[in-house]
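What follows is a short report on a single structure.
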Amino acid sequence: MKNFFKNNKYFALYLVGTLAYVSSQFRYGNGRAAITVLLFAIVLFFYLYWINRR
Numbered sequence: 001m002k003n004f005f006k007n008n009k010y011f012a013l014y015l016v017g018t019l020a021y022v023s024s025q026f027r028y029g030n031g032r033a034a035i036t037v038l039l040f041a042i043v044l045f046f047y048l049y050w051i052n053r054r
């Protein structure tokens with residue numbers, strides 16, 4: 001897991017931006033878009049982790 005963030009340098013920045021966007025969308029009442037983006041971020045994390053382990 002330590003090498004995951006070394007190989008994907010900007011993923012942490014992407015994750016922070018995604019969480020800021022999701023919290024903003026929940027605040028404005030757009031839950032469907034927030035959940036969609038959150039699921040996309042989770043799937044992207046698992047995909048990059050799977051690619052990194054291969």
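In this note's numbering, the protein residues as written are 1 to 54.
Here a beta-carbon is modelled for each residue, glycine too, at the ideal position from N, C-alpha and C.
Residue i burial status per 10 Å Cβ neighbour count (16 or more: buried)
i     : result
ALA33 : exposed
VAL43 : exposed
Straight-line Cα distance separating residue j from residue i
i     : j     : result
ARG56 : SER24 : Since the first residue of the chain shown is 1 and the last is 54, residue 56 is not available in this structure.
TRP50 : THR18 : 20 Å
ILE35 : VAL22 : 8 Å
ASN8  : TYR28 : 31 Å
For residue i, the nearest candidate out of the options (CA to CA)
i     : options                  : result
LEU38 : LEU15, PHE4, ASN3, TRP50 : LEU15
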